[in-house]
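Here the sequence shown stands for residues 2 to 475, where the numbers follow the numbering used here. In this text, a Cβ means the ideal position worked out from N, Cα and C, and glycines have one as well. Only a predicted model underlies this, so the values are computations on that prediction, with no experimental measurement involved.
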Amino acid sequence: MKINLLVVWAIVLMAFSKNSQAQEFSKRVSDFIETQDSVIILKNALLIDGTGGALKPHQDIVLRNGRITDIGTAGELQLPENVTVIDATGKTVLPGFVMLHEHLFYAKPFDNNFKAVHMTHTFPKMYLAAGVTTMRTAGSIEANSDLNVKNAINAGKALGPTIDVSTPHVEREGFIPQIQSLYGDEDIEKWLDYWFVKGVTSVKVYNNITKEDLKKIIAVAHARNIKVTGHLCSITYREAAELGIDNLEHSFMAATDFVADKPENQCVNGGRSLLELDENDPKLLDLMKYLIEKKVTLTYTPNPFEPFTDREVVPGGAAEALAPYLLDQMQTIYDQNIATKDDSLRTLAFRKEMKRVLKFHELGGKLTVGTDPTGSGKTIAGYSNRHLIEMLIETGFPIEEAIKLATYNGAQYLGIEKETGTVEVGKKADLILIDGDLTQAISNIRKTELVFKNGVGFDSKKIFDSVQGKIGLD
Ligand SMILES: [Zn+2]
Numbered sequence: 002m003k004i005n006l007l008v009v010w011a012i013v014l015m016a017f018s019k020n021s022q023a024q025e026f027s028k029r030v031s032d033f034i035e036t037q038d039s040v041i042i043l044k045n046a047l048l049i050d051g052t053g054g055a056l057k058p059h060q061d062i063v064l065r066n067g068r069i070t071d072i073g074t075a076g077e078l079q080l081p082e083n084v085t086v087i088d089a090t091g092k093t094v095l096p097g098f099v100m101l102h103e104h105l106f107y108a109k110p111f112d113n114n115f116k117a118v119h120m121t122h123t124f125p126k127m128y129l130a131a132g133v134t135t136m137r138t139a140g141s142i143e144a145n146s147d148l149n150v151k152n153a154i155n156a157g158k159a160l161g162p163t164i165d166v167s168t169p170h171v172e173r174e175g176f177i178p179q180i181q182s183l184y185g186d187e188d189i190e191k192w193l194d195y196w197f198v199k200g201v202t203s204v205k206v207y208n209n210i211t212k213e214d215l216k217k218i219i220a221v222a223h224a225r226n227i228k229v230t231g232h233l234c235s236i237t238y239r240e241a242a243e244l245g246i247d248n249l250e251h252s253f254m255a256a257t258d259f260v261a262d263k264p265e266n267q268c269v270n271g272g273r274s275l276l277e278l279d280e281n282d283p284k285l286l287d288l289m290k291y292l293i294e295k296k297v298t299l300t301y302t303p304n305p306f307e308p309f310t311d312r313e314v315v316p317g318g319a320a321e322a323l324a325p326y327l328l329d330q331m332q333t334i335y336d337q338n339i340a341t342k343d344d345s346l347r348t349l350a351f352r353k354e355m356k357r358v359l360k361f362h363e364l365g366g367k368l369t370v371g372t373d374p375t376g377s378g379k380t381i382a383g384y385s386n387r388h389l390i391e392m393l394i395e396t397g398f399p400i401e402e403a404i405k406l407a408t409y410n411g412a413q414y415l416g417i418e419k420e421t422g423t424v425e426v427g428k429k430a431d432l433i434l435i436d437g438d439l440t441q442a443i444s445n446i447r448k449t450e451l452v453f454k455n456g457v458g459f460d461s462k463k464i465f466d467s468v469q470g471k472i473g474l475d
């Protein structure tokens, strides 16, 4: 066989210029890579590093072989020469988001209910394009698909974040046909082990299980070093904390602790009791203290609870991504809801929850965030993750804290905070370059320019452009 010297030379050159630890990517992935050089300098950026510490203006950040190796004030660092330099003047650098209530399905509305439709090809890449470098699914409708997507991403064959895949929603009955996984008296341990062996790394329990179920689930999961989260209803927050649950979804919005005479092990509507619950109510403060004592993390998910009136038809600027038939549906749902009594109640519930979440945080409670792309179908992966940051500011968090909630806190919950979750020397180069100053306008969060995952820089706009008009189709 005759060896083409030009080809050999090209390979040698590539070996020197590309990240030496870089993995191979399929064309589906490499088409969206802007840079994967072994040394990259982001020059003169405004840095919000995810630690909750003060903003750092004019920072040079050096990425080397997928790691952050140097950070310093522009002009003070000894920078390597002849490497890729990205001028970040007037731009903001953040850690990649670590969000904990994500899904690979879309909640397609139908007759006041919804059908969970898997967005296997679009959602993972949209999460990444928005800056999510790590996510946990909080409930899987097609757990096998979720695992396959995770593996394809890890193998460089598909675009997306690193995924902590959860079990299917552990549920006995309910109004969503696809969310029921336990029947009769099957062995919960065998059921969980089936998923753990396949690669599931988190457990999600749902509305209608018993305390006896939860006790078993926690024992089995914890024995395998796996954490349990729940969107509860039949079990109160206090009961779940007592049983040792790790995480509760939807902050206080799913608490049935304040329903008078709640029957044990039965799901009841807690909406009214929450509308009357102020952030300084002694009953609530008592529960908050108990959750803190039991080290229970709350995941704050404002997106699916966002009211309609005076808001975008499809929040986060996601209208452009929807298939036309869905956009029509969203407009109809919006028109039916604006300026209604229901929506003013929704607005009240939304505002009250913001105050309760701030209070929990102020008392030292552990908070993480996630988007939960369900609700009435207007929470769209990626777009909603950026919009969540806007809503954290609306909630009243200072920008440094908002970014920490969306980055470090998620990493800490997942036990990966030594590797990712902040922009600090030694960590993986998981970070976001925003084309604008986030302190000037929080809406600049929508101007994602590059997303680095393991030091590989992806072109955010190109990814978003590739899914326009496709959501609801795949
Ligand atoms: Zn969910």
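Name the two residues that bound the continuous alpha helix (DSSP H) containing residue i.
| i | result |
| --- | --- |
| S345 | 342 to 363 |
| I154 | 144 to 155 |
| T338 | The identity of residue 338 in the sequence shown is Asn, whereas the question assumes Thr. Looking at the DSSP string, the run of the alpha helix (DSSP H) that includes N338 is 325 to 338. |
| A108 | Counting along the chain, A108 falls outside any alpha helix (DSSP H), though it belongs to the beta strand (DSSP E) covering 106 to 111. |
| G272 | 272 to 276 |
| Y384 | 384 to 396 |
| L292 | 283 to 294 |
| K28 | 28 to 31 |
Could you tell me how far apart the beta carbons of residue i and residue j are, in whole angstroms, since I believe they sit closer than 8 angstroms?
| i | j | result |
| --- | --- | --- |
| L272 | Y207 | This sequence places Gly at residue 272; Leu is not what is there. Their Cβ separation, rounded to whole angstroms, is 17 angstroms, which puts G272 and Y207 out of contact at 8 angstroms. |
| S426 | V94 | For the record, residue 426 in the displayed sequence is Val; it is not Ser. Contact flag wrong, Cβ pair sits at about 14 angstroms. |
| G383 | Y195 | Not a contact, Cβ separation roughly 31 angstroms. |
| R68 | A430 | 6 angstroms |
| L160 | V30 | 5 angstroms |
| P305 | G376 | 3 angstroms |
| G378 | P110 | 4 angstroms |
| K151 | I142 | With a Cβ gap of about 15 angstroms, K151 and I142 do not count as contacting. |
| L63 | F98 | Here residue 63 is Val; the residue named in the question, Leu, does not match the sequence. Actually they are not in contact, since the Cβ atoms of V63 and F98 sit about 22 angstroms apart, beyond 8 angstroms. |
| L346 | L276 | 7 angstroms |
| K356 | E280 | 4 angstroms |
| L278 | L285 | 6 angstroms |
| A220 | L193 | A220 to L193, Cβ: 10 angstroms. No contact. |
| E418 | Y409 | 6 angstroms |
| V483 | K126 | Coverage of the chain is limited to positions 2 through 475, which leaves residue 483 absent and any answer about it impossible. |
Note down, in chain order, each residue of its chain lying with its Cβ closer than 8 angstroms to the Cβ of residue i, except the 5 sequence neighbours on either side.
| i | result |
| --- | --- |
| A470 | Reading off the sequence, residue 470 comes out as Gly, not Ala. Within the same chain, G470 has close Cβ partners E321, A322, L323, A324, P325. |
| A261 | S274 |
| N248 | L101, K228, V229, T230, G231, V297, T298, L299, T300, T369, Y414 |
| T85 | T36, D38, V40, I41, I42 |
| L359 | E280, T396, G397, F398 |
| N114 | F176, I177 |
| G473 | Y107, K109, V118, L323, A324, Y326, L327 |
Ligand 2 and residue i: does any heavy atom of the ligand fall closer than 6 angstroms to the residue's C-beta?
| i | result |
| --- | --- |
| G140 | By its list of ligands, the structure shown excludes ligand 2, since it contains just ligand 1. |
Which same chain residues, not among the five before or five after residue i, have their C-beta less than 6 angstroms away from its C-beta?
| i | result |
| --- | --- |
| V9 | Reliability of the predicted coordinates at V9 is poor, the pLDDT of 49 falling under 50, and the value obtained from them is presented with this limitation in mind. Same-chain partners within the cutoff: there are none. |
| L183 | R173 |
| G437 | N445, K448 |
| T90 | N45 |
| G53 | E401, E402, K405 |
| L14 | Since pLDDT at L14 reaches only 46, below the 50 mark, its modelled position is unreliable, and the value read off the structure follows with that caveat. Excluding positions up to five away in sequence, the list is empty. |
| E391 | I443 |
| H122 | D475 |
| D147 | L105, T138, S141, V166 |
| I154 | G161 |
| K217 | I189 |
| F465 | A130 |
| H362 | L368 |
Just curious, the beta strand (DSSP E) that residue i is in, first and last residue?
| i | result |
| --- | --- |
| N45 | 40 to 48 |
| N248 | 248 to 250 |
| H136 | Here residue 136 is Met; the residue named in the question, His, does not match the sequence. Residues 133 to 138. |
| S377 | Segment: none, S377 is in no beta strand (DSSP E) and carries neither H nor E. |
| Y301 | 298 to 301 |
| K405 | No beta strand (DSSP E) contains K405, which is instead part of the alpha helix (DSSP H) from 400 to 407. |
| V370 | 367 to 370 |
| E35 | 34 to 36 |
| S203 | 203 to 206 |
What residues in its chain sit with their C-beta under 7 angstroms from that of residue i, if we drop five residues either side in the sequence?
| i | result |
| --- | --- |
| F17 | Note that F17 scores 46 on pLDDT, short of 50, meaning its location in the model is unreliable; the coordinates nonetheless yield the value given after this. Cβ neighbours of F17 beyond the five flanking positions: none. |
| R239 | D258, L288, Y291 |
| M2 | Bear in mind that the predicted position of M2 carries a pLDDT of just 43, short of 50, making it unreliable; the figure below should be weighed with that in mind. Cβ within range, chain order: n/a, list empty. |
| M331 | V314, V315, L323, G378, K379 |
| Q27 | In the sequence as displayed, the identity of residue 27 is Ser instead of Gln. Taken in chain order, the residues that qualify are G157, K158. |
| T310 | I339, A340, D344, T348 |
Would you mind listing the beta strand (DSSP E) stretches within the stretch 62 to 117 that are 3+ residues and don't spill past its ends, in chain order?
You should have 68 to 74, 85 to 88, 93 to 96, 98 to 103, 106 to 111.
Which complete alpha helix (DSSP H) runs does the stretch 409 to 475 hold, if anything under 4 residues is left out?
You should have 409 to 415, 461 to 467.
To test your reading of the DSSP string, which unbroken beta strand (DSSP E) runs of 3 or more residues are found completely within the stretch 208 to 245?
As far as the stretch 208 to 245 is concerned, its whole beta strand (DSSP E) runs of at least 3 residues are 228 to 231.
Restricting to runs no shorter than 4 residues, where is the alpha helix (DSSP H) found entirely within the stretch 160 to 201?
Fully enclosed alpha helix (DSSP H) runs of 4 or longer: 189 to 199.
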